[in-house]
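2 protein chains.
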Amino acid sequence: MLTVDEALQLVGQHAAQLAPIRIRLRDALGLVLADEVTSDVDSPPYNKAMMDGFAVVASDRSPTRTIIESIMAGDVPRRPIRPGTTARVMTGAPLPDGATAVVPVEQTELVDDRTVRLEWIDPPPGKHIMPQGLSMSSGQCIAAAGRRIDSITMAVLAEAGAAVLSVVPRPTVSVLTTGNELVSVDERPAAGQIRNSNGPLLTSALCEGDYAPSVLPSGRDELDELVELAQQGLEADVLLVTGGVSAGVKDLVPAALAQAGVQQVFHKVALKPGKPLWFGIVPREHGPPRLVFGLPGNPVSGFVCFHLFVIPALAVLAGRADSVVLRLSKGTSMGEFAYGGGREMFRPAYVDAQQRVEIFPWHGSADLAGMVRANCLVRLSETGVELAAGDRLEYVRLPGINPGK
Amino acid sequence: MLTVDEALQLVGQHAAQLAPIRIRLRDALGLVLADEVTSDVDSPPYNKAMMDGFAVVASDRSPTRTIIESIMAGDVPRRPIRPGTTARVMTGAPLPDGATAVVPVEQTELVDDRTVRLEWIDPPPGKHIMPQGLSMSSGQCIAAAGRRIDSITMAVLAEAGAAVLSVVPRPTVSVLTTGNELVSVDERPAAGQIRNSNGPLLTSALCEGDYAPSVLPSGRDELDELVELAQQGLEADVLLVTGGVSAGVKDLVPAALAQAGVQQVFHKVALKPGKPLWFGIVPREHGPPRLVFGLPGNPVSGFVCFHLFVIPALAVLAGRADSVVLRLSKGTSMGEFAYGGGREMFRPAYVDAQQRVEIFPWHGSADLAGMVRANCLVRLSETGVELAAGDRLEYVRLPGINPGK
Numbered sequence: 001m002l003t004v005d006e007a008l009q010l011v012g013q014h015a016a017q018l019a020p021i022r023i024r025l026r027d028a029l030g031l032v033l034a035d036e037v038t039s040d041v042d043s044p045p046y047n048k049a050m051m052d053g054f055a056v057v058a059s060d061r062s063p064t065r066t067i068i069e070s071i072m073a074g075d076v077p078r079r080p081i082r083p084g085t086t087a088r089v090m091t092g093a094p095l096p097d098g099a100t101a102v103v104p105v106e107q108t109e110l111v112d113d114r115t116v117r118l119e120w121i122d123p124p125p126g127k128h129i130m131p132q133g134l135s136m137s138s139g140q141c142i143a144a145a146g147r148r149i150d151s152i153t154m155a156v157l158a159e160a161g162a163a164v165l166s167v168v169p170r171p172t173v174s175v176l177t178t179g180n181e182l183v184s185v186d187e188r189p190a191a192g193q194i195r196n197s198n199g200p201l202l203t204s205a206l207c208e209g210d211y212a213p214s215v216l217p218s219g220r221d222e223l224d225e226l227v228e229l230a231q232q233g234l235e236a237d238v239l240l241v242t243g244g245v246s247a248g249v250k251d252l253v254p255a256a257l258a259q260a261g262v263q264q265v266f267h268k269v270a271l272k273p274g275k276p277l278w279f280g281i282v283p284r285e286h287g288p289p290r291l292v293f294g295l296p297g298n299p300v301s302g303f304v305c306f307h308l309f310v311i312p313a314l315a316v317l318a319g320r321a322d323s324v325v326l327r328l329s330k331g332t333s334m335g336e337f338a339y340g341g342g343r344e345m346f347r348p349a350y351v352d353a354q355q356r357v358e359i360f361p362w363h364g365s366a367d368l369a370g371m372v373r374a375n376c377l378v379r380l381s382e383t384g385v386e387l388a389a390g391d392r393l394e395y396v397r398l399p400g401i402n403p404g405k
Numbered sequence: 001m002l003t004v005d006e007a008l009q010l011v012g013q014h015a016a017q018l019a020p021i022r023i024r025l026r027d028a029l030g031l032v033l034a035d036e037v038t039s040d041v042d043s044p045p046y047n048k049a050m051m052d053g054f055a056v057v058a059s060d061r062s063p064t065r066t067i068i069e070s071i072m073a074g075d076v077p078r079r080p081i082r083p084g085t086t087a088r089v090m091t092g093a094p095l096p097d098g099a100t101a102v103v104p105v106e107q108t109e110l111v112d113d114r115t116v117r118l119e120w121i122d123p124p125p126g127k128h129i130m131p132q133g134l135s136m137s138s139g140q141c142i143a144a145a146g147r148r149i150d151s152i153t154m155a156v157l158a159e160a161g162a163a164v165l166s167v168v169p170r171p172t173v174s175v176l177t178t179g180n181e182l183v184s185v186d187e188r189p190a191a192g193q194i195r196n197s198n199g200p201l202l203t204s205a206l207c208e209g210d211y212a213p214s215v216l217p218s219g220r221d222e223l224d225e226l227v228e229l230a231q232q233g234l235e236a237d238v239l240l241v242t243g244g245v246s247a248g249v250k251d252l253v254p255a256a257l258a259q260a261g262v263q264q265v266f267h268k269v270a271l272k273p274g275k276p277l278w279f280g281i282v283p284r285e286h287g288p289p290r291l292v293f294g295l296p297g298n299p300v301s302g303f304v305c306f307h308l309f310v311i312p313a314l315a316v317l318a319g320r321a322d323s324v325v326l327r328l329s330k331g332t333s334m335g336e337f338a339y340g341g342g343r344e345m346f347r348p349a350y351v352d353a354q355q356r357v358e359i360f361p362w363h364g365s366a367d368l369a370g371m372v373r374a375n376c377l378v379r380l381s382e383t384g385v386e387l388a389a390g391d392r393l394e395y396v397r398l399p400g401i402n403p404g405k
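Protein sequence lines, in the order shown, are assigned to chains A and B.
Under UniProt numbering, think of the first position of the first sequence as 1, with each following residue one higher.
Under UniProt numbering, think of the first position of the second sequence as 1, with each following residue one higher.
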């Protein structure tokens, strides 16, 4: 059976950044720049007053000055400042020619409408002035290709006039849950039935990862129905199917996916929980292939596979990462814990701000309710592990998960 | 002038959790539960097979068994298992009465359609079975009031039948930028003009905090226009206004807000950058007052005030926090840095996974482009600070900000 690392490598061979698209800046939050962006303006665009006050010639020592105009942000100064004169300036206003410092209004006193007395007559040159182009200059690269657009970058791009951008699109992801036993949250399960938790789990986890899921109707264990739903799901860049990938006679998902044109890459990974994981692709003429993950129907197993395989693959499609790898963090164990080994295990646990990891009691892969305290998955080696308090360990963080209040 | 702590306390006196609403589970991601939720089902709802295999009486040692039925998830077993008989079971299937263990299919061999030979004849009782109700039982509290609904909680709530929930709503937030100098990202700034970066900055930062902003048209520095826009903005729980709060003659925002019915709570805080911060309220008959923040027009100053005051206030309204406080984290300085003091400063910086903080070169509050590397704000005392490499410091993390790739 493939190891987790071998399976990740196989996924990595088929996951590639999506072809760039051009979009408006307002739609770009969270996306990755496909090209570098240069500014078309200086910032500030002029020597700018950083305080409300009076624009002066710094070397002028006269205690009173004649006020020749008032300038606020948005105005254009009309007259230069010379010794003996001043202009009232508001924060953000452009400085008139000749002005080399700003005396804050708090350090001045109005004598009359046209005259001000300065309590501070020797401001150093440049005081309370931001020189033109200091923050960014026209033609300068202000954001490199590969940068993810967060709020600060968004503001800088707006200032720089990047109204339309070339970005890596957000991959589209379809979610198809399968199983005769599933009923919706609105329904009362009859004997043998359970409510569908995989749908809400995966769509929410996709939202937490800043991906936009589309949800297909839950599929029954009938080949024709599954083929049709899979075909619909394959309109997306990535299709997630849950259930029907174990060795049971009714595990029709691999057959349905094959019939829908999906080429199997692997089935089963030496992973606990999550062994039945299935992975395939649909080549496309342009761009990277569509990826299809057949996740175990057990919600915990599917969730572990989602965070170990799907999230790293989506990060590559979205341009957020260069390769499909686990982002392992290092922490220490809060207490004792033993794992007998067998398959490599990723066990739900809680990590605090000091990277201390608590491996809390949990009833195994069917215990979804027992996972609500988890915000990470601790890696436990297939050769077995005996942890003492303070021992080093590695874990994968679950992004977007906020245990407790 | 108020200190940052005093100003936070004043905001805290007016910020309170919004009144709960009832919504459907699918709309609840990221919201906080107003009431505890109990399950209406056992999970698993039956003794459940955890492997594909054969359900047996654990104490039965006969090497071959007669297959009396096949059971998959969603089925209801019809016949009890007795010594000498077995039922084929798929992962997730309910176990028939009498069955006390599952022998995995890999450890069996079919003799004919009705007979199976077991390679493992003495499984311990309970092997590969999840007992009914082990994960959660009917009537049990599965999520406490105050829990924020993440993907795992969402899945547990779905399984438990919580189709409609009582939650704290997401506060609504209006964003009103003001200033004659502002043009949109699509426009070429004329002399004296700059592009509006505050709008994209604050709306994006609200999205990063999982709040949903609504954006008003940018307001010119005209009292009547500002009053009208402020009144529109006051339909939201929180109104953010940028610009027009300095001491300049054209700083009309406090006057416009007063005319729109906002009661000033404070104006100016001993904070760098961010001194002009203005805060007021509009009492409501039911529920906590609407909050109004007049943020400095300088984008960096406004952004600092947003993360120090607005985000903690929104967290209280949304039920994510009990009080309006800074979430300070501890780290160490990567290099030397000196701050001469004056006002308490929150300076943009970069913190890595090991809590090491780099205070990088930055041209002050008008240098928005110089902030793109920031993912935190380092607190520097008003009495001045001299940091050496390795010295301890405190910082506020900027949630949602992902510097670099």
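Each residue gets a CB set at the ideal place from its N, CA and C atoms; glycine is no exception.
Supposed contact pair B/LEU8 and B/VAL325 - C-beta distance, whole angstroms, cut 8 angstroms
Their Cβ separation, rounded to whole angstroms, is 7 angstroms, which keeps B/VAL325 and B/LEU8 in contact under 8 angstroms.
When burial is assigned at 16 or more other CB atoms within 10 Å of the CB, is B/LEU252 buried or exposed?
A residue is called buried once 16 or more other Cβ atoms fall within 10 Å of its Cβ, and B/LEU252 is buried on that count.
For a contact defined as C-beta to C-beta under 9 angstroms, what are the partners of A/ASN180 on chain B?
Within chain B, the residues placing a beta-carbon under 9 angstroms from that of A/ASN180 are MET72, ALA73, GLY74, ASP75, ordered along the chain.
Can you find a C-beta in chain A that's less than 9 angstroms from the C-beta of B/VAL102?
Using a Cβ-Cβ cut-off of 9 angstroms, B/VAL102 does not count as an interface residue toward chain A, since no Cβ of chain A sits closer than that to its own.
Sort out for me which residues DSSP pairs A/GLN264 with in a bridge.
Note: A/GLN264 is bridge-paired with A/GLY280 in the DSSP secondary-structure output.
At a CB-CB cut-off below 8 angstroms, which residues of chain A make contact with B/THR153?
Within chain A, the residues near B/THR153 are VAL372.
Taking Cβ positions only, does A/TYR339 come closer than 9 angstroms to chain B?
So no, A/TYR339 is outside the interface.
For B/VAL316 and B/GLN13, which I take to be in contact (beta-carbon distance under 8 angstroms), what is that distance rounded to the nearest angstrom?
That pair is no contact at about 11 angstroms.
What are the uninterrupted segments assigned as beta strand (DSSP E) that are 3 or more residues long and contained completely in the stretch 314–383 of chain B, given in chain order?
If we require 3 residues or more, the beta strand (DSSP E) runs fully inside the stretch 314–383 of chain B come out as 328–333, 337–339, 344–351, 356–358, 376–380.
A/LEU257 by DSSP, collapsed to three states: which one?
It is helical.
At a Cβ threshold of 9 angstroms, is A/LEU257 touching chain B?
No, A/LEU257 does not count as interfacial toward chain B.
What does A/LEU142 touch in chain B if you count any residue whose Cβ is under 7 angstroms from its own?
Here residue 142 of chain A is Ile; the residue named in the question, Leu, does not match the sequence. Chain B residues near A/ILE142: ALA369.
With respect to the alpha helix (DSSP H) encompassing B/SER166, which residues constitute its N-terminal and C-terminal limits?
Annotation: B/SER166 is outside any alpha helix (DSSP H); the continuous beta strand (DSSP E) that includes it extends over 164–168.
Within the continuous beta strand (DSSP E) that includes B/ASP27, where are the two ends?
Run containing B/ASP27: none; DSSP gives neither H nor E here.
For A/ASP391 and A/ALA28, the rounded distance between their alpha carbons
Taking the straight line joining both Cα atoms gives about 43 angstroms.
Own chain partners of B/TYR46 with C-beta closer than 8 angstroms, once the 5 adjacent residues on each side are dropped:
Apart from sequence neighbours up to five positions away, the residues of its chain that approach B/TYR46 with a beta-carbon distance below 8 angstroms are PRO94, LEU95, GLN132, ordered along the chain.
Where does A/ASP251 fall in DSSP's three states?
In the three-state reduction of the DSSP assignment, A/ASP251 falls in the coil class, being assigned neither a helical nor a strand state.
Could you list the residues in the stretch 282–299 of chain B with a C-beta less than 9 angstroms from some C-beta on chain A, going in chain order?
For the stretch 282–299 of chain B, which is checked against every Cβ of chain A, the residues closer than 9 angstroms are PRO296, GLY297, ASN298, PRO299.
Please go through the stretch 124–158 of chain A and give each complete beta strand (DSSP E) segment of 3 or more residues, from N-terminal end onward.
Counting only runs of 3 or more, we get 141–143.
Min CB distance A/SER39 to chain B below 9 angstroms:
True, the Cβ-Cβ gap to chain B drops below 9 angstroms.
Is DSSP giving A/ILE311 helix, strand or coil here?
Three-state result, A/ILE311: helix.
Is it right to say A/GLU159 is buried, meaning 16 or more other beta carbons lie within 10 angstroms of its own, or is it exposed?
A buried status is given to A/GLU159, since no fewer than 16 other beta-carbon atoms sit within 10 Å of its beta-carbon.
Quick one: complete beta strand (DSSP E) runs, 3+ long, within the stretch 157–238 of chain B?
164–168, 172–177, 212–215, all fully within the stretch 157–238 of chain B.
Alpha-carbon spacing of B/VAL241 relative to B/ARG347, whole angstroms
One alpha carbon belongs to B/VAL241, the other to B/ARG347, and they sit about 22 angstroms apart.
Which of helix, strand or coil DSSP assigns to B/ASP5:
In the three-state scheme derived from DSSP, where H, G and I count as helix and E and B as strand, B/ASP5 is classed as helix.
Here's the rule: buried if 16 or more other CB atoms are within 10 angstroms of the residue's CB, otherwise exposed. What is B/VAL164?
Exposed, by the Cβ-count rule.
Whole angstroms are fine: how far does the CA of A/VAL32 sit from the CA of A/PRO20?
Going from the Cα of A/PRO20 to the Cα of A/VAL32 covers about 9 angstroms.
Against chain A, with Cβ distances strictly below 9 angstroms, would B/ILE359 count as a contact?
Interface residue (Cβ-Cβ distance to chain A less than 9 angstroms): B/ILE359 is not classified as such.
Please look up how many angstroms separate the CB atoms of A/ALA58 and A/PRO123, rounded, as I've assumed it's under 8 angstroms.
Cβ atoms of A/ALA58 and A/PRO123 come within 8 angstroms of each other, at about 6 angstroms.
Quick one, which of B/ARG373, B/VAL183, B/LEU380, B/THR115 has its alpha-carbon nearest B/GLY340's?
For B/GLY340, the closest of B/ARG373, B/VAL183, B/LEU380, B/THR115 by C-alpha to C-alpha distance is B/LEU380.
If you check the beta carbons only, do A/ILE152 and B/ILE401 fall under 9 angstroms apart?
A/ILE152 places its beta carbon less than 9 angstroms from that of B/ILE401.
Closest by C-alpha distance to B/GLY274, when choosing among B/PRO254, B/ASP367, B/CYS305
Nearest of B/PRO254, B/ASP367, B/CYS305 to B/GLY274, Cα basis: B/CYS305.
For B/LEU271, which of helix, strand or coil comes out of DSSP?
Strand at B/LEU271.
Straight-line gap, B/GLY243 to A/THR91 (C-alpha atoms, nearest Å)
CA-to-CA, the gap between B/GLY243 and A/THR91 works out to about 10 angstroms.
Does the distance from the CB of A/LYS268 to the CB of A/LEU10 come in under 9 angstroms?
With a cutoff of 9 angstroms on beta-carbon distance, A/LYS268 and A/LEU10 are scored as not near each other.
So what does B/ILE21 bridge to, in DSSP terms?
Its beta-bridge partners are B/VAL167.
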